[in-house]
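**Q** Residue numbers (the numbering used here): 76 to 505.
Cβ atoms here follow ideal geometry from the backbone N, Cα and C, with glycine treated the same way.
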Ligand SMILES: NC(=O)C1=CN([C@@H]2O[C@H](COP(=O)(O)OP(=O)(O)OC[C@H]3O[C@@H](n4cnc5c(N)ncnc54)[C@H](O)[C@@H]3O)[C@@H](O)[C@H]2O)C=CC1
Ligand SMILES: O=C(O)CCC(=O)C(=O)O
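1) Any contact of the region 168-180 with the region 252-265, i.e. 3+ C-beta pairs under 8 Å?
2) State whether the region 108-115 contacts the region 490-498, with contact taken as three or more CB pairs (one from each stretch) at a distance under 8 Å.
3) What do you reckon, is the C-beta of residue 436 under 8 Å from a heavy atom of ligand 2?
4) Ignore the nearest five residues each way along the sequence and tell me which others in residue 418's own chain have a CB closer than 8 Å to its CB.
5) Report yes if the CB atom of residue 40 is closer than 9 Å to the CB atom of residue 187, and no otherwise.
6) Determine the closest residue to residue 489 out of 249, 115, 503, 173, with distance taken between C-alpha atoms.
7) Between residue 386 and residue 428, what straight-line distance do the alpha-carbon atoms span, to the nearest angstrom?
8) Select from 173, 469, 423, 364 the residue whose C-alpha is nearest the C-alpha of residue 296.
9) Check whether the Cβ atoms of residue 338 and residue 315 sit closer than 9 Å, and answer yes or no.
10) Verify whether the separation of the beta carbon atoms of residue 194 and residue 225 is less than 9 Å.
11) Just to confirm my understanding: we take residue 168, look at its own chain, exclude 5 residues before and 5 after, and list those with CB closer than 8 Å. What are they?
12) Quick one: residues in its chain with C-beta nearer than 6 Å to the C-beta of residue 163, no 5 flanking neighbours on either side, listed in chain order?
13) According to DSSP, residue 142 sits in a beta bridge with which residue or residues?
14) With the cut-off set at 9 Å, would you say residue 249 and residue 258 are in Cβ contact?
15) Extract the residue ranges of the alpha helix (DSSP H) inside the region 419-470, only unbroken runs of 4 or more that lie entirely within it.
16) Within this structure, are the beta carbons of residue 408 and residue 174 separated by less than 9 Å?
17) Have a look at residue 375 and residue 185 and give me their C-alpha separation to the nearest angstrom.
18) What first and last residue would you give for the alpha helix (DSSP H) that runs through residue 166?
19) Going by C-alpha distance, which of 380, 451, 323 is nearest residue 292?
20) Is the beta carbon of residue 187 within less than 8 Å of some heavy atom of ligand 1?
21) Alpha carbon to alpha carbon, how far is residue 371 from residue 502?
22) In the DSSP assignment, find the beta strand (DSSP E) that holds residue 130 and state where it starts and stops.
23) Quick check on DSSP: helix, strand or coil for residue 307?
24) Report buried or exposed for residue 141, applying the criterion of at least 16 other Cβ atoms within 10 angstroms of its Cβ.
25) May I ask you to check if the CB of residue 489 is nearer than 8 Å to at least one heavy atom of ligand 2?
26) For residue 366 and residue 341, I'd like the C-alpha separation in whole angstroms.
27) On the criterion of 16 or more Cβ atoms from any shown chain inside 10 Å, does residue 160 qualify as buried, or is it exposed?
28) Quick one: Cα of residue 443 to Cα of residue 265, how far?
29) My output table needs one value for residue 474: the three-state DSSP class, helix, strand or coil.
30) So does the region 461-468 actually touch the region 275-292, counting three or more Cβ pairs closer than 8 Å?
31) Evaluate residue 487 with the Cβ neighbour count: other Cβ atoms within 10 Å of its Cβ, from every protein chain shown; 16 or more gives buried, anything less gives exposed.
32) Say yes only if the C-beta of residue 409 is nearer than 8 Å to one or more non-hydrogen atoms of ligand 1, and no if none qualify.
33) Please tell me whether residue 384 and residue 414 are closer than 9 Å, where the distance is taken between their beta carbons.
34) With 16 other CB atoms within 10 Å as the buried threshold, where does residue 117 fall?
35) Is the separation between the beta-carbon of residue 306 and that of residue 377 shorter than 9 Å?
36) Whole angstroms is fine: what's the gap from residue 81's alpha carbon to residue 369's?
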């Protein structure tokens, strides 16, 4: 009998043979399909399949023990035909160049879907912020801004938070950029603390956008959100506020998880208690004696599943075991292309990441507009504007999918890429 490690290795090898977990290549595949459906030439694909600019930087940081550690960071700018590029910065040990490139392309698509005047950008640093002190994180954040300062700015490329980055990190980055340029530049970055020009509603925006997509998807599937069983993977910015909004809407949140594992109660979890106990990295599960694994969580019996953590979680290996009727992707890239096909063929309504998680960048845009005009809006105004954008974007993609008889992921790519392609065409680039 082979032992468990051998079985896992065999399963992983089989998975590699069956499907590509490379987010960048899968993204290129769907872009090619979307451009073909829209009737664009191969030249347009050649332009849009890669970022126009990718900067790799080495950031020396003096650690608290006096040693110097050199970190590697990236900033990818997919395309700036529509306007300045925009997108988050993630601090994570598994950040890699190809993933950052894919994430920047998805930002172009999100901005196209929500009709924002931006192209897509994304950044990341290979590091583990959970093992760094507050001061080390500040030095790393400032070092990253110095390293990428030539290619970013309020009218060039505007960063924002993503996995394991938050409003404090945005504040240090904004301060560093303002010092370099010798004037206060709140429009350089979004997701800032409110006192530094952050927008009301940005903290909860990604989760609000996902909530609207869940509400719209439930209507399409013909059941009620009230009493529906919801499972959420990830309990950080996106997942934790989503759990709260789902609970407030009368749904039953039966399981949530963090990087270490999850908790499950078929009668519904005490969300306020979990919110109270989570730390700034979205971790809470260590306080529980009995937990389930993240793979068990994804396969739980439920009505709505929301992956809100990292990429490649629903693959050809587990897609057939997913019990949810609706999967709404709050995370970037949680479902592989093969798994998308399996879920769609099984009648699961899959709301893709580039639509479902677009609430964050939408309110980031509102923050940038407020910074540029120096006049700030109420939270109600922000939420109302976000709602209108998300409902319209959902319906547009749902109808596009029906019209072209394609799944919602391809429909979302078609809507998103069209704006970028048209901007490039009018500029005379292709
Ligand atoms: N924060 C934002 O505004 C936006 C976030 N997103 C996406 O949503 C996802 C979550 O982002 P945030 O909530 O901002 O991050 P976060 O850093 O606030 O929280 C991440 C959560 O995922 C969990 N996690 C990390 N690694 C994991 C693993 N290997 N398995 C299971 N869980 C794991 C963490 O424990 C934590 O609960 C990411 O894919 C991000 O790109 C998308 C759009 C906007
Ligand atoms: O708020 C933003 O500008 C970007 C958010 C982001 O990185 C994302 O949607 O993946």
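**A** In this structure, then:
1) no
2) yes
3) yes
4) 389, 394, 397, 402, 410, 425
5) This structure leaves residue 40 out entirely; the chain is present only between 76 and 505.
6) 115
7) 10 Å
8) 423
9) no
10) no
11) 201, 202, 203
12) 235, 236, 237
13) Answer by DSSP bridge pairing: none, since residue 142 is not bridged.
14) no
15) 428-431, 434-448
16) yes
17) 29 Å
18) Where residue 166 is concerned, there is no enclosing alpha helix (DSSP H), although the beta strand (DSSP E) it sits in stretches over 160-167.
19) 380
20) no
21) 50 Å
22) 128-137
23) strand
24) exposed
25) no
26) 14 Å
27) buried
28) 7 Å
29) helix
30) yes
31) buried
32) yes
33) no
34) exposed
35) yes
36) Residue placement at residue 81 is flagged as unreliable, the pLDDT there being 45, under the threshold of 50; a coordinate-derived value is accordingly withheld.
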